[in-house]
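*Asks:*
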Amino acid sequence: MARHEGSSGAVSMSTVAVAMALLLLLGFEHGDAATTFVVGDSNGWNLGVEGWPNGKVFKAGDILRFNYNPAVHNVVAVDEGGYRSCIAPRGAKVFNSGKDEITLSRGNSFFICTTPGHCQAGMKITINSL
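Quick note, the sequence shown lines up with residues -33 to -1, 1 to 97 if you use mature numbering (1 follows the signal peptide of the UniProt record, and there is no 0).
1. Leaving out five residues on either side along the sequence, give the residues of the same chain with a beta carbon under 7 Å from the beta carbon of residue 17.
2. At what residue ranges does the region 24 to 65 contain a whole run of the beta strand (DSSP E), taking only runs of 3 or more?
3. Find the nearest neighbour of residue 25 within the set 72, 35, 81 and 7, judged by alpha-carbon distance.
4. Residue range of the beta strand (DSSP E) that residue 82 falls in?
5. Is the region 8 to 22 in contact with the region 55 to 62, if contact means three or more CB pairs nearer than 8 Å?
6. Using only CA atoms, which one of 65, 78, 30 and 9 lies nearest to residue 101?
7. Below 8 Å on the Cβ atoms is my contact criterion, and I expect residue 37 with residue 65 to pass it. Report the Cβ-Cβ distance as a whole number of Å.
8. Got a sec? Which residues, its chain only, sit under 7 Å from residue 39 by beta carbon, not counting five neighbours each side?
9. Within 10 Å of its beta-carbon, does residue 94 have 16 or more other beta-carbons around it, so buried, or fewer, so exposed?
10. Apart from the five residues on each side of it in sequence, which residues of its chain come closer than 8 Å, Cβ to Cβ, to residue 30?
11. If you follow the beta strand (DSSP E) that residue 95 is part of, which residue opens it and which one closes it?
12. With H, G and I counted as helix, E and B as strand and the rest as coil, what does DSSP make of residue 13?
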């Protein structure tokens, strides 16, 4: 006896393919969710924070939360030259709320504190975002 396969087999394969595609898309979307990192962990944005990024993986869209005493510190987004020299270039973005959140872009980002002596004491970080 011959076996007859109708269009119902094709529909069910199509349904399975669509369902799998949706699951993959949802999985990738969830995997790309931004992570919020508290700079310096429980110590916050403070002297000696320079090594804090070591061993962490940052992605474009992740958020850095800087917690600090705004009467004593600030956060300044600088270029690589400003990071190395501990001097903020003219027009650099200064944050001073004490609870700043900065969304990372792809590539290198540099942050320093411009309170005299603080950057030189390691109050600076560089982040490489994928």
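In this text, a Cβ means the ideal position worked out from N, Cα and C, and glycines have one as well.
*Replies:* Taking the definition as stated:
1. Excluding the 5 residues flanking it on each side, residue 17 has same chain C-beta neighbours closer than 7 Å at 89, 91 and 92, in chain order.
2. The DSSP assignment places complete beta strand (DSSP E) segments of no fewer than 3 residues inside the region 24 to 65 at 30 to 34, 42 to 45 and 60 to 62, in order along the chain.
3. Ranking 72, 35, 81 and 7 by Cα distance to residue 25 puts 72 first.
4. First-last for residue 82: undefined, no H or E at that position.
5. The region 8 to 22, when compared against the region 55 to 62, does not touch it at the 8 Å Cβ threshold.
6. In the structure as shown, the chain begins at -33 and stops at 97. Residue 101 is therefore absent and cannot be evaluated.
7. At roughly 4 Å, the Cβ-Cβ gap stays under 8 Å, so residue 37 and residue 65 are in contact.
8. If we look at residue 39 and ignore the five residues flanking it on each side, its Cβ neighbours are 82.
9. The residue in question, residue 94, is buried, as its Cβ has 16 or more Cβ neighbours within 10 Å.
10. Counting only Cβ-Cβ distances below 8 Å, and skipping sequence neighbours, we find 1, 2, 3, 4, 68, 69, 70 and 71.
11. 91 to 96 is the span of the beta strand (DSSP E), which, as asked, contains residue 95.
12. Reduced to three states, the DSSP call for residue 13 is coil.
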